[in-house]
Amino acid sequence: MRYAEGLKMYSANFSDKEIILPQIYNYLGFRGVGRSEETDMLIDNALRELETLSQFNYIYKYFTALPEFLKKEPYLSYLNGAKGVIVCATTLGAGVDRAVNRYMRTDMSKGVVLDASASAYLELCSDKYEKTLGEDLSYRFCPGYGGSGVEDLPELFKLIDPGKIGISLNKSNFMLPSKSMAGIIAVGKGKKEEKSCKGCFMANSCEYLKEGKRCYTLCSKTGSEKI
Amino acid sequence: MLYAMLENRLGKDLIIFDGGFGSELEKRGLTGIPEDLNITAAEEIKNIHRSYSCADIITANTFGLNPVKYHGAYSLRELAKAAVNNARAAGKPVFFDVGPTGAMMKPIGELSFDDAYEAFKEVATVSRDLCDGYILETFSDIYEIKAAILAFKENTSLPIFATVTFDSTGRTLTGSTPEIAANTLSGLGVDALGINCSLGPKELIPIAERILKCTSVPVIVQPNRGLPVLEDGKTVYKLTEDEFIESAEKLIEMGVSVIGGCCGTNPEIIRRLSGYSGQKVREHEYCPATAVNSANCVCIIDGVKICGERLNPTGKKALKEALISEDMEYLIDEALKQQDAGADLLDVNCGLPQIDEKALMPKIILSLQEYCDLPLQIDSSDSEAIAAAARIYNGIPLINSVNGDPEVMERIFPIAKKYGAVVLGLAMDKNGVPKTAEGRLEIAERIISTAGKFGIAKEKIMIDTLVVTASAEQELVKETVRALEAVRKLGVKTALGVSNVSFGLPNRPLLNRTFLAMAMERGLNMPILNPLDSEMSGTARAYELLAGIDKNAENYIEIYKDYVPSASRTVKAVKEEKTAESLYDCVRLGLKTRAPEMTERELESLKPMEIVNKILIKALDDVGKLYGEGKLFLPQLISSAEAAKAAFAVITERLPKDAEPKGRVVLATVKGDVHDIGKNIVKVVIESYGWQVTDLGKDVPVEKVVEAVKELNPFAVGLSALMTTTVPSMEETVKALRDEGLSAKIFVGGAVLNEETAEKIGADYYTKDALEMAKKLDEVYGTESAS
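Those protein sequence lines, which keep their order, are chains A and B.
Going by the numbering used here, 74 is the number at position 74 of the first sequence; the sequence numbering is gapless.
Going by the numbering used here, 1160 is the number at position 160 of the second sequence; the sequence numbering is gapless.
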């Protein structure tokens, strides 16, 4: 009913494809040797499909007083020096899950590519949308990485009610639809920071890290940067 | 008392609802669970309600009050009493506010239709003696709101207003359009339906326009005060009161019957809106249509719409077997094939003597609607099966069928009315099919008028004028098409099971499509046929072009733009033929459609096991090597696996009966984990290596895994978990398997697993991906066999 905060729909421009391609290849198990024309074509189709299939929605709330669940590490380190924090959640909607499930039956290659493309697409849409929220914003930090746990999601959900944009949380703290993210953004730190792999909860099993890669690509850059 | 007020005013005079509550709470600095505030800050809550007393109807502060969402300190009943009591302070009729549960419905989420129903039933039970009506709002899933509407209709007699939320794409968050929402909610018989939240009044105008066009039910709109913006760390609604009122006036002019406000609207806005209270509701354009819909697809029966007949077991041996063994995979594949072939809706029939239709039909509906977007036609002579299926169906179904027999109509029409279904009426009765068109017309008239007595409008009725077999009753074929024309004049749409006409004659396809053309020209709207027969569906598409229904031939050109007049018609097939010259190539290039044929060719010169050892394993190894080197990617690996799997299927048939198969693997994504893409990839890859796989699916309870392993005695069990939070569930599963002393090797995998965790939770093997698991399985199997 009466709690929508900053709800907005955004469609990533298709010309952004080159930005997210490396990311999609990462998700598909790409290990840094050349691109394949065949996969490029599958990704191309998946991105086209996502343009109509996805319903990007973003909900957030700005806090100057630190919410209770953030009063611990690693959040405190991440928020160090911040004037406030945006708590946010975003999703591509249930239609993408439906399509992926369907393709997993009828054409598994398509399903896998759509799934990977959707993950990258959601990050792209979110990164772009977050740029409209203000100047001095840090990168999005989601419970689950950097030594934090998805166990914090229920508290986060209480603060911003992502149900408003159709995201629900199950008992194992999975977000549904699966192409959803929830996290925080430090505001007013006065310095630009980037995501890092140090202390990520996947750090000791991460296939990317073992090979000196990482699982995410920042919107502003492409290729493999230092970790 | 209120109902009388509604009856006199609803849809005639404009009714004003109150405005935003959350923003008013915030203004007063009230935080915490909003529903608890009904007790902990009763006076403040009363004051908010009082500030809205200019409205005609007040909404209680109960949005999140349902057993799935609310886990606070009070009982639902205590809060319901307090909330309604607070709302009464405004001195106006009080509607109980009902929001969604917050849990996502199956199949994407975990909340079943029945559980959602039970949750809302509890809300109905704790509130029905307190309030004057219900406002169901901010629902983004028409399946959930259907469960809610049924719960309130079946457990109270109070009026129900139901509103849905759309985002700026004009869809609900689960992908339903305004037309789908309007058709579903009208069908379910709510007192008013409409839109609330997420957008401002201006943005809701085009959505309201679409809803008004497809319903005669009074429409309610409760917009937000535009989109909020962040200013100095505070959420601000920038839309001015004047701007809100200006757009609201437009909505009123368009024919909206009830208007109020959602997020960000305040008492001042509602005070100004209340100036319009009692104004005459404007008439609006409404086009009654015969429409059925799923959650994501609406089919308006007009022009020619193809109803796929392949899920009807009559004369289909494989389907019969699938129905008896409840092989839903087979049914889903059949449904998707028909959808891809261009069907507009699908017939579903499971009428076999050994089948309990009442139990099976709802199961089939649930399985099909998980994957297939098309609306469904529930086809049964068992009224209990129809009722169970219509209840669980996500949308507005077509019911097949009633006939002129009053007893049948009395059984079926109440079900159709309750669930808003369209009903197909057969132009026959106890005495059989009348010989003449006039006789069938008379029955059609009887069906339509009886439906009217049950409150079912004419557009909810379709008539099947019944096809006779040309070989037996040649003279009567023309009566069927004459009857079509006559029935169409009654203002209803028509249907025919076309292919019955050719029974017992040679070259049936020719007769079928000729008869189809005859019938369409005389007014047939819904041929029930096999959409995979491209000549039949092509005849329908060609007719639509020639009859001027397919404007500018757009649909026809879209379908036939790549048409090649030869047996191997699709571009893809031609391309594959060029590139794949051997089975090795087929697997290496991942051409699964060509693989069976190539396997047959290899079988002419090689023994089955030679093909496996010399070709398939080599091809898979090469593919695996390229994948490992990063020269080939997951999609190609999967295609290759699928091609090898198709080849294996052919080879298995040729293997001597006593040949020892490699063995079975049971796969499951553990309890609590709903991501199964990784597990699905594992399935196809290890199948391509010749393993038989039993896939238990996702979110699989511990007991189910144990049960399956006991029953099937597989060589190995593969468990998958994606998140740290479901590793304990994997551990429990491993432990349960060990406790039972089962000998199957336990493989684990998934994003959060590694060697160390695998060892810690007691698994035998950790493999990092599908390919590694296939290799490890072969290795362990080799060692075991050798010893």
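Positions of the beta carbon are idealized from the N, C-alpha and C atoms, including for glycine.
Please read these numbers as outputs of a predicted model, since none were measured by experiment.
Taking all protein chains shown into account, decide if B/Lys1735 is buried (16 or more other Cβ within 10 angstroms of its Cβ) or exposed.
Label assigned to B/Lys1735: exposed.
Between the Cα of B/Leu1376 and the Cα atoms of B/Ile1686, B/Val1423, B/Leu1589, B/Asp1382, which residue gives the shortest distance?
For B/Leu1376, the nearest C-alpha among the options comes from B/Val1423.
To test your reading of the DSSP string, which unbroken alpha helix (DSSP H) runs of 4 or more residues are found completely within the segment 1149-1218 of chain B?
Within the segment 1149-1218 of chain B, the complete alpha helix (DSSP H) runs of at least 4 residues are 1178-1187, 1201-1213.
Are the segment 1152-1166 of chain B and the segment 1122-1129 of chain B touching, with three or more C-beta to C-beta distances below 8 Å?
Output reads yes: the segment 1122-1129 of chain B touches the segment 1152-1166 of chain B.
So, for B/Leu1366: in the same chain, excluding its five sequence neighbours on each side, which residues have a beta-carbon less than 7 Å away from its beta-carbon?
Excluding positions up to five away in sequence, the list reads Ile1392.
If you compare alpha carbons, which of B/Thr1514, B/Lys1768, B/Ile1746 is closest to B/Glu1755?
Closest option to B/Glu1755, Cα to Cα, is B/Lys1768.
For the beta strand (DSSP E) holding B/Ala1716, just list the boundary residues, first then last.
Counting along the chain, the beta strand (DSSP E) containing B/Ala1716 begins and ends at 1716-1720.
List the residues of chain B whose Cβ lies closer than 9 Å to the Cβ of A/Asn80, in chain order.
Result: empty, since nearest Cβ-Cβ is about 19 Å, beyond 9 Å.
I need the boundaries of the alpha helix (DSSP H) containing B/Ser1127, first residue and last residue.
1113-1127 is the extent of the alpha helix (DSSP H) around B/Ser1127.
Cβ closer than 7 Å: which chain A residues qualify as neighbours of B/Leu1634?
Those within 7 Å of B/Leu1634 in chain A are Leu28, Gly29, Val112.
Would A/Val87 pass as an interface residue toward chain B - the criterion being a Cβ-Cβ separation below 8 Å?
For A/Val87, the answer is no, since every Cβ of chain B falls outside 8 Å of its Cβ.
Go ahead and label A/Thr64 buried or exposed: buried means 16 or more other beta carbons lie within 10 angstroms of its beta carbon, across all protein chains shown.
A/Thr64 comes out exposed.
Using 10 angstroms around the beta-carbon of B/Thr1783, count the other beta-carbons present and answer buried if the total reaches 16, otherwise exposed.
Label assigned to B/Thr1783: exposed.
Can you say whether A/Arg140 is buried or exposed, counting buried as having 16 or more other CB atoms within 10 angstroms of its CB?
Burial call: buried.
Using only alpha-carbon positions, find the residue among B/Val1298, B/Asn1296, B/Val1219, B/Ile1355 that is nearest to B/Ala1322.
Comparing Cα positions, the closest option is B/Ile1355.
Near B/Ala1708, which residues of its chain fall below 7 Å by C-beta distance, leaving aside the five closest residues on each side in sequence?
Around B/Ala1708: Val1666, Thr1694, Leu1696.
Take A/Leu47 as the anchor and find which of A/Gly111, A/Lys189, A/Thr132 has the nearest alpha-carbon.
When each option's Cα is compared against that of A/Leu47, the closest is A/Gly111.
By alpha-carbon positions, which one of A/Cys88, A/Leu79, A/Ser77 ends up nearest to A/Lys61?
The shortest Cα separation from A/Lys61 among A/Cys88, A/Leu79, A/Ser77 belongs to A/Cys88.
Bridge partners of B/Asn1403, per DSSP?
Answer is B/Leu1426.
Output yes if chain B places a C-beta closer than 8 Å to the C-beta of A/Glu38; else output no.
Answer yes: the Cβ-Cβ gap between A/Glu38 and chain B drops below 8 Å somewhere.
Could you tell me if A/Lys164 is buried or exposed, where buried requires 16 or more neighbouring beta carbons within 10 angstroms of its beta carbon?
The residue is buried, with at least 16 neighbouring Cβ atoms inside 10 Å.
With a threshold of 8 Å between beta-carbons, can A/Ile20 be considered close to chain B, or not?
It does not; no Cβ of chain B falls within 8 Å.
Excluding the 5 residues flanking B/Ile1615 on each side, which residues of the same chain have their C-beta closer than 7 Å to its C-beta?
Excluding positions up to five away in sequence, the list reads Leu1583, Tyr1584, Glu1602.
Just verifying my parser: in three-state terms, what is the DSSP assignment at B/Gly1678?
Helix, per DSSP.
So, does the CB of B/Tyr1276 fall closer than 8 Å to a CB anywhere in chain A?
No - not a single Cβ of chain A is within 8 Å of the one on B/Tyr1276.
Please tell me whether B/Leu1199 and B/Ala1182 are closer than 8 Å, where the distance is taken between their beta carbons.
No, these two residues do not count as a Cβ contact at 8 Å.
Just the C-alpha distance for B/Ser1502 and B/Ile1324, rounded to the nearest angstrom, thanks.
Going from the Cα of B/Ser1502 to the Cα of B/Ile1324 covers about 28 Å.
Along the chain, where does the beta strand (DSSP E) containing B/Ser1449 start, and where does it finish?
Taken as a continuous stretch (DSSP letters only), B/Ser1449 belongs to no beta strand (DSSP E), being part of the alpha helix (DSSP H) at 1437-1453.
With a threshold of 7 Å, establish whether the CB of A/Met108 neighbours any heavy atom of the ligand NAD.
The ligand NAD is absent from the structure shown, which contains no ligands of any kind.
Please report how far the alpha carbon of B/Glu1473 lies from the alpha carbon of B/Thr1184, in whole angstroms.
Cα to Cα, B/Glu1473 sits roughly 41 Å from B/Thr1184.
Between A/Ile165 and chain B, is any beta-carbon pair separated by less than 8 Å?
Judged by the 8 Å Cβ criterion, A/Ile165 is in contact with chain B.
Please state whether DSSP places B/Phe1503 in a helix, a strand or coil.
Three-state result, B/Phe1503: coil.
With a threshold of 16 other CB atoms inside 10 Å of the CB of A/Leu76, please say whether the residue is buried or exposed.
A/Leu76 comes out exposed.
Would you mind giving the Cβ-Cβ distance between A/Tyr58 and A/Thr90, rounded to the nearest angstrom? I have them listed as a contact below 8 Å.
Going by Cβ atoms, the distance from A/Tyr58 to A/Thr90 rounds to 4 Å, so yes, they are a contact pair.
Count the other CB atoms within 10 Å of the CB of B/Tyr1419; is the residue buried (16 or more) or exposed (fewer)?
By the neighbour-count rule (16 or more Cβ atoms within 10 Å), B/Tyr1419 is buried.
Which class does A/Leu122 belong to by DSSP, given the choice of helix, strand or coil?
Looking at A/Leu122 - three-state DSSP - the assignment turns out to be helix.
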